[in-house]
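One structure is given below, encoded as C-alpha cells.
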Amino acid sequence: MDHVLETACKIIRQADRDHPADTVLRETFKRLRVFNPDETREISNTVFTYFRWLGFLTPESNTHAQVQEAFDLAAQFQQDPFSFTPEQLRSQAVPDWAGAVVEAADDWFRTLQRPPNLWLRARRGQGTALANKLGNAEPRILPDAVLYQGAEDLFRTPEFHAGEFELQDISSQAVSLICDPQPASTWWDACAGEGGKLLHLSELMLNKGLIWASDRAEWRLKHLKRRTARAKAFNYRAALWNGGAKLPTKTKFDGVLVDAPCSGIGTWQRNSHARWTTTPDDVNELAAVQKQLLANVAPSVKPGGKLVYSVCTLAKLETIEVVESFEKQFPDFKPIEVINPLKPDAPTSARTWIWPQDSGGNGMFIASWRRV
C-alpha cells in the first residue's frame, strides 16, 4: 500500500462530524509537509471521492476496499452517468432525510456525483486576460468568472500573490452582482466570514464608499484583513458581531447583505463529507438563526435601502420559509424583482434559486427587499 493511499485512508477514518474531512486534510498536510502538490491533490481527490460514493459502498468492507469500490463507481459514472437510475441516486447519494427538505429534480442528485468545478473571480474586466495567463482556463457566463481546469497550485502563482484573482465559486459571485452596490454607497456585510463576498462588493464599488464587515469569529476577520491587503481593498471597517440585537454600529446603510450561516446543502457536490454529517436538527436550528439575523439587521437599512439574504443551502426551511417569516414580521420591506446573473434571459424574481446542475457551481438561494 503506497503512502498516498494509506494517508487518504487514515484521513477517511479520522473524519467525523467534529472533524470535517477538509479540516483533517489541511491539518494533515500542515503537520506532515512531506507530500508534493500532485500527492496532496491525489489524497484530497481520494478522500472526497470516497465520501461522494459512500452511500453506494459495501459497509462490511475495509477502508482500502471501499476506496477502490468508490473509484470503480466514479469511473462507471464518468463513462455513463445514466447507468445509475434516479431512484438509486435519490436513495444512496444523499442521506434519507434530504429528500424531505429539498425539492430537487433528478438532475441535482446526478450533479452531486460529479467532481466540482474550480472557479476564480478575476479583477474587474480582466477575466479573459487572466484565463490566457493561467492557461487551462476560460471565462464563463459572468463578466469576471473564470473556470480553471488545470493542475497548478494556484496559491503559488504570481497572479494570485499580485491580487489578480480570488478563488470564489460562481454562485457566490452572483450574490454580489445581485446586491449591485454603487461606488458612493454604504453597505454592511453582516456575516462577512473571511471576506469572499466583501472583496467582490469592494470591487463593484470601485473601492469607494464604505463597507462594514462583521463576523462572530475574530480569526475570520484577521484572515479577511490579510485578503483585503493582498487584493488592495481598503474601503471597509471590520467589527466583531455575534448576531445579537446589539449591533456593531449605529450606521444606517444603503444596503445590507446577510450571507447567513446555513446547513450548506448547496455545497454537497464540493464538500461530499458534509452530506453525511449534516442533520435535520442542523437545518431547524440554523433556520431559527437566519430569522433572528434578518430581524436584527432590518432596522439598519435606510428607507429606500436594500436588504439581501443569501444562503448556500436548498432546504425549504432555510429559504422560502425564512423569507415568508421575515415578510410577515417586516411589512415595510418589499420584495425586489432581480435578474439572475447566471440566467439573464429568465424572468426576473425576488427569490433567486441557483442550482448546481444549471450553474456549474454551488447551490444558492438569494432574496432581495427594498425598505419603503
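In this text, residue positions in the sequence shown follow the numbering used here: the first is 983, and each later residue adds one.
Note that beta-carbon positions come from the ideal geometry of N, C-alpha and C, so glycine has one too.
Nothing here was measured: the structure is a model prediction, and the numbers come from that model.
A Cβ-Cβ separation of about 14 Å leaves residue 1211 out of contact with residue 1195 under the 8 Å criterion. The Cβ atoms of residue 1222 and residue 1230 sit closer than 8 Å to each other. Residue 1036 sits in a helix when the DSSP states are folded into three classes.
Between the alpha carbons of residue 1263 and residue 1295 lies a distance of about 14 Å.
A direct Cα-Cα distance of roughly 21 Å separates residue 1318 from residue 1166. Residue 1339 holds the alpha-carbon nearest to the alpha-carbon of residue 1249 among 1205, 1339, 1312.
Residues of the same chain with a CB within less than 7 Å of the CB of residue 999, apart from the 5 flanking positions on each side, are 1259 in chain order. A contact is defined here as three or more CB-CB pairs under 8 Å, and the segment 1058-1077 fails this definition with respect to the segment 1298-1309.
Boundaries of the beta strand (DSSP E) around residue 1333: 1333-1336. Within a 10 Å sphere around the beta-carbon of residue 1201 sit fewer than 16 other beta-carbons, which makes this residue exposed. Taking the CA atoms as reference points, residue 1139 sits about 12 Å from residue 1148. Annotation: the continuous alpha helix (DSSP H) that includes residue 1152 extends over 1152-1161. With 16 or more other Cβ atoms from the protein chains shown falling within 10 Å of its own Cβ, residue 1300 counts as buried. Closest in C-alpha terms to residue 1157, from the list 984, 1330, 1324, comes 1324.
The segment 1071-1085 and the segment 1097-1111 do not touch, with fewer than 3 CB-CB distances between them shorter than 8 Å. When 1279, 1151, 1164 are compared, the shortest CA-CA separation from residue 1343 is found for 1151. Sequence-distant partners of residue 1305 (beyond 5 residues in either direction) whose C-beta falls short of 8 Å from its own C-beta, in its chain, are 1291, 1333, 1349.
Distance check between residue 1098 and each of 1117, 1031, 1163 places 1031 closest, using alpha-carbon atoms only. At the C-beta level, residue 993 and residue 1006 come within 8 Å of one another. For residue 1350, the enclosing beta strand (DSSP E) covers residues 1346-1353.
DSSP places residue 1128 in no alpha helix (DSSP H) but in the uninterrupted beta strand (DSSP E) bounded by 1127-1130. In the DSSP secondary-structure assignment, residue 1288 is bridged to 1237, 1352. Sequence-distant Cβ neighbours of residue 1235 in its own chain, meaning closer than 7 Å and more than five residues away, are 1168, 1169, 1170, 1282, 1283, 1284, 1287.
In this structure, the straight-line span from the alpha carbon of residue 1254 to that of residue 1012 is close to 22 Å.
Minimum Cα-Cα distance from residue 1327 among the listed residues 1123, 1346, 1084 corresponds to 1123. The alpha-carbon separation between residue 1187 and residue 1132 amounts to approximately 31 Å. Cβ atoms of residue 996 and residue 1034 stay farther apart than 8 Å, at about 18 Å. In this structure, the beta-carbon distance from residue 1154 to residue 1177 does not fall below 8 Å. Residues of the same chain with a CB within less than 7 Å of the CB of residue 1036, apart from the 5 flanking positions on each side, are 1258 in chain order.
Assignment of residue 1220 by DSSP, reduced to helix, strand and coil, places it in the strand class. Residues of the same chain with a CB within less than 6 Å of the CB of residue 1056, apart from the 5 flanking positions on each side, are 1031 in chain order. Under the DSSP definition of a beta bridge, residue 1120 partners with 1129. With a cutoff of 8 Å on beta-carbon distance, residue 1040 and residue 990 are scored as not near each other.
Burial of residue 1182 is indicated by the presence of at least 16 other C-beta atoms within 10 angstroms of its C-beta. Secondary structure at residue 1317: strand, using DSSP grouped into helix, strand and coil.
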